[in-house]
Amino acid sequence: MTTLTTLIPAYKKEYLAEVFLGLRRQSWRDFRVVLSDDSPGDEISGLIAGGHFGQLLDGLDLTVVRGRRMPA
Numbered sequence: 739m740t741t742l743t744t745l746i747p748a749y750k751k752e753y754l755a756e757v758f759l760g761l762r763r764q765s766w767r768d769f770r771v772v773l774s775d776d777s778p779g780d781e782i783s784g785l786i787a788g789g790h791f792g793q794l795l796d797g798l799d800l801t802v803v804r805g806r807r808m809p810a
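739 is the number of the first residue of the sequence shown in this note's numbering; add one for each residue after it.
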């Protein structure tokens, strides 16, 4: 079976909950998500590790990588 990979370049945390919710609602389930944390100070990585997005991440094959740093 084919696996789809979705890349999310993430800089603004305000939109991620909607993105994660949309991914959870997909009928195609054979996919993985690579999130490139481009936020200053690795803010998004900290939120994910700290459980900020809670159940929105349940069942998602999510990998977080350090992205390019954008100026604050």
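Where is the CB? At the ideal position from N, CA and C, for every residue including glycine.
Taking the alpha-carbon of residue i as reference, which of the options has the nearest alpha-carbon?
| i | options | result |
| --- | --- | --- |
| residue 759 | 801, 806, 780, 792 | 792 |
| residue 778 | 750, 746, 764 | 750 |
| residue 752 | 803, 782, 767, 771 | 782 |
Please state the DSSP three-state secondary structure of residue i.
| i | result |
| --- | --- |
| residue 791 | coil |
| residue 770 | strand |
| residue 775 | strand |
| residue 798 | coil |
| residue 806 | coil |
When the distance is taken between beta carbons, is residue j closer than 7 Å to residue i?
| i | j | result |
| --- | --- | --- |
| residue 773 | residue 748 | yes |
| residue 805 | residue 780 | no |
| residue 769 | residue 742 | yes |
| residue 798 | residue 771 | yes |
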